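Using my numbering, count along the sequence shown one by one with no gaps and you end on 91. Note that the Cβ used here is the ideal one computed from N, Cα and C, for glycine as well. If you're wondering where the values come from, they're calculated on a predicted model, not measured in any experiment. Have a look at the structure below before the remarks.
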Amino acid sequence: MKLAATASCAELIELLKSKHGDLMFHQSGGCCDGSSPMCYPLGEFKTGAQDV
40 MKLAATASCA
50 ELIELLKSKH
60 GDLMFHQSGG
70 CCDGSSPMCY
80 PLGEFKTGAQ
90 DV
């Protein structure tokens, strides 16, 4: 998967990484979580069998 980020977004990601370590982004494909991507410290979000 290839992603693109604006310069300000990349700067924010680097700031978050400096405070929290490696990150994981999750975007729900379900009906109830909405479609906003969520950001977690690596290992804090448990993926399920159907997550990619």
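Tell me whether residue i counts as near the ligand HEM, meaning its Cβ is closer than 8 angstroms to at least one heavy atom of that ligand.
i, result
"residue 49", "Ligands displayed in this structure: none; no statement on the ligand HEM is therefore possible."
Just reading off the beta strand (DSSP E) that residue i is part of, what are its end residues?
i, result
"residue 42", "Element bounds for residue 42: n/a, residue is neither H nor E."
Kindly indicate which three-state DSSP category residue i falls into: helix, strand or coil?
i, result
"residue 81", "coil"
Rounding to the nearest angstrom, what Cα-Cα distance links residue i and residue j in this structure?
i, j, result
"residue 68", "residue 41", "18 angstroms"
"residue 63", "residue 47", "18 angstroms"
"residue 79", "residue 49", "16 angstroms"
"residue 83", "residue 61", "11 angstroms"
"residue 55", "residue 81", "12 angstroms"
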